Amino acid sequence: MTKAHMAMLAAESRKLEQAGLYRPETIHPAHIVDFTSQDYLGLTSDPRLSTAARAALETHGLGAGGSRAFTGTREVHRELEQAVARFLQVPDAIVLGSGYLANIGFYEALFDSRDCLFCDALVHPSTAEGIRLSSATAFPFHHGDVEDLEDKLQRSRSARFRAIATDGVFPFDGRVAELDGICGLAEKYDAMVVLDDSLGIGALGETGRGARELRGMIARVDVVTGTFGKALGAGGGFIAGRREVIEWLRQKATPYLFSIALAPPLAAAARAALDLLERGEAPLATLRGHIAAIKRELEARGFEVLGGEHPTLAVSVGGVVALQKMVNSLYERGIHVHGLCYPVVPEGQARIRLEITARHSAQDIGRAINAFELAGRALGVI
Ligand SMILES: Cc1ncc(COP(=O)(O)O)c(C=O)c1O
397 MTKAHMAMLA AESRKLEQAG LYRPETIHPA HIVDFTSQDY LGLTSDPRLS
447 TAARAALETH GLGAGGSRAF TGTREVHREL EQAVARFLQV PDAIVLGSGY
497 LANIGFYEAL FDSRDCLFCD ALVHPSTAEG IRLSSATAFP FHHGDVEDLE
547 DKLQRSRSAR FRAIATDGVF PFDGRVAELD GICGLAEKYD AMVVLDDSLG
597 IGALGETGRG ARELRGMIAR VDVVTGTFGK ALGAGGGFIA GRREVIEWLR
647 QKATPYLFSI ALAPPLAAAA RAALDLLERG EAPLATLRGH IAAIKRELEA
697 RGFEVLGGEH PTLAVSVGGV VALQKMVNSL YERGIHVHGL CYPVVPEGQA
747 RIRLEITARH SAQDIGRAIN AFELAGRALG VI
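Under the numbering used here, the first residue of the sequence shown is numbered 397, with each subsequent residue one higher.
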């Protein structure tokens with residue numbers, strides 16, 4: 397590596413710092429209440445998951461020793477795939493090392509330059525990357541705008557195959573995708589619907605089956621991708637859908653063929669999490685109670701709160717200066733939150749993202765509401 401290359405990297409990193417865009421990795425002290433974790437059901441520390449992981453560790457060892465396609469497949473992987481398919485009510489599923497790899501593997505294996513892929517402008521970077529790798533023609537449509545999507549579908553009639561990609565939930569405001577409109581257009585224009593429900597699984601719908609369950613669309617979405625690393629409290633990713641799709645992915649998805657299989661203890665923990673949801677034992681009611689309480693109490697104090705169906709809530713604060721002050725002031729009062737500003741959200745629409753979990757206590761929730769009220773008044777946000 398040349399000295400010039402190293403100097404350039406160091407200079408660019410300092411520029412990020414000066415622009416306030418540097419991402420420090422911080423371990424927060426115990427007295428700080430964390431409202432940034434996506435461990436929505438509090439399962440990362442659930443003893444039922446650790447017991448399952450420990451048993452798999454004893455039986456299968458820590459690592460898988462190879463990719464799924466070669467030596468890495470264990471009984472726990474197959475059991476997890478069956479559990480995913482059962483839970484999501486689809487014919488089959490394939491498990492990969494992460495949700496990121498699932499999205500990359502899916503598009504690259506199924507599409508090529510003869511195809512057209514339509515994706516919401518705000519999909520997760522892993523979907524955008526998968527689409528890029530596939531070499532299909534990409535048509536990003538304006539966020540949540542089904543009219544723009546239809547306009548683009550009309551202009552792609554010569555494509556071999558078409559697919560519409562959306563996330564189930566958007567992390568900038570906690571809003572749920574317009575699944576009804578998207579599925580209607582997919583049916584009209586003969587396109588596949590691919591839903592990345594990483595944020596929705598375990599958090600949305602009566603029984604935690606995600607955005608499709610919330611919107612009554614279980615049968616209308618062709619493929620669901622996701623992670624076991626958020627509400628399911630473990631790690632790893634999956635693709636679920638029609639048998640022909642899953643069979644093909646086992647032959648052609650590069651992360652399945654050439655990346656280490658999911659560690660067996662994580663696979664067992666993910667399976668245990670799905671079992672809890674399946675049996676109705678996950679703390680969904682507690683989570684919903686917390687979401688409703690925070691939204692109601694913050695609105696009663698004059699805040700504008702976006703979202704409300706999902707544990708991601710976004711509190712509007714206006715400009716970037718107010719945002720930074722508000723985030724700092726909340727931290728000084730023991731509440732850790734993320735601030736979102738331009739270019740992640742439109743200019744002048746800076747907001748604080750709150751991630752609610754079932755692990756928060758009523759006292760944590762009360763503390764957050766109180767801190768928001770004090771900080772908001774002191775800074776003139778309310
Ligand atoms: C919508 C979405 N898709 C995919 C991923 C990637 O999942 P994983 O962390 O398992 O790679 C995430 C996680 O950040 C996500 O939020």
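All C-beta atoms in this analysis are idealised placements derived from N, C-alpha and C, irrespective of residue type, glycine included. In this text, all values refer to a predicted model and were calculated from it rather than measured experimentally.
Within the same chain, and ignoring the five residues on either side of I778 in sequence, the residues whose Cβ sits closer than 7 Å to its Cβ are R697, G698, F699 and G772. Bounds of the beta strand (DSSP E) holding S712 are T708 to G714. DSSP, read as helix, strand or coil, puts H732 in strand. Separation of G459 and G744 (C-alpha to C-alpha, rounded to the nearest whole angstrom) is 47 Å.
Nearest to L670 by alpha-carbon distance, out of G762, V480 and V590, is V480. Rounded to the nearest angstrom, the Cβ distance from L595 to P567 is 6 Å, consistent with a contact under 8 Å. In the DSSP assignment, I578 falls outside any beta strand (DSSP E) and lies within the alpha helix (DSSP H) extending over L575 to Y585. Between the C-alpha atoms of S433 and F514 there is a straight-line separation of about 30 Å. For M402, the uninterrupted alpha helix (DSSP H) run begins and ends at K399 to Q414, by DSSP.
Taking the Cβ of Y496 as the reference point, at least one heavy atom of ligand 1 falls within a distance shorter than 8 Å.
Separation of I614 and L575 (C-alpha to C-alpha, rounded to the nearest whole angstrom) is 10 Å.
In the displayed model, A451 falls within a helix according to three-state DSSP. In the DSSP assignment, V491 falls within the beta strand (DSSP E) that extends over D488 to L492.
Beta-bridge partners assigned by DSSP to E751: T708. Under the 10 Å beta carbon count, N499 is surrounded by 16 or more other beta carbons and is classified as buried. Rounded to whole angstroms, the separation of the alpha carbons of M402 and F507 is 38 Å. In this structure, the straight-line span from the alpha carbon of P425 to that of D760 is close to 15 Å. M613 has no beta-bridge partner at all, per DSSP.
For the pair T650 and A505, the Cα-to-Cα distance works out to about 8 Å. Per DSSP, reduced to three states, the secondary structure at P521 is helical. Using a Cβ distance threshold of 9 Å, A630 and A666 count as a contacting pair.
Inter-segment contact for the segment 756 to 770 and the segment 682 to 693 is present: three or more beta-carbon pairs are separated by less than 8 Å. Under the three-state reduction of DSSP, L600 is assigned to coil, being neither helix nor strand.
The beta carbon of A754 sits closer than 6 Å to the beta carbons of L437, G438, P679, T682 and L683 from its chain, once the five residues preceding and following it are set aside; these are given in chain order. Note on geometry: alpha-carbon atoms of G637 and L591 lie some 10 Å from one another. In this structure, the C-beta of S522 approaches ligand 1 to less than 8 Å from one of its heavy atoms. Between the alpha carbons of L719 and R763 lies a gap of roughly 19 Å.
By a beta-carbon distance limit of 8 Å, I642 contacts A489. Their separation comes to about 6 Å. In the three-state scheme derived from DSSP, where H, G and I count as helix and E and B as strand, D430 is classed as strand. The DSSP assignment places 607 to 610, 639 to 648 and 650 to 654 as complete runs of the alpha helix (DSSP H) inside the segment 604 to 657, in order along the chain (cut-off: 4 residues). Residue pairing by DSSP puts S463 in a beta bridge opposite I656. Of the candidates S509, E546 and L653, the residue whose Cα lies closest to the Cα of L529 is S509.
Membership of D541 in any alpha helix (DSSP H) is not indicated, and neither H nor E is assigned to it by DSSP.
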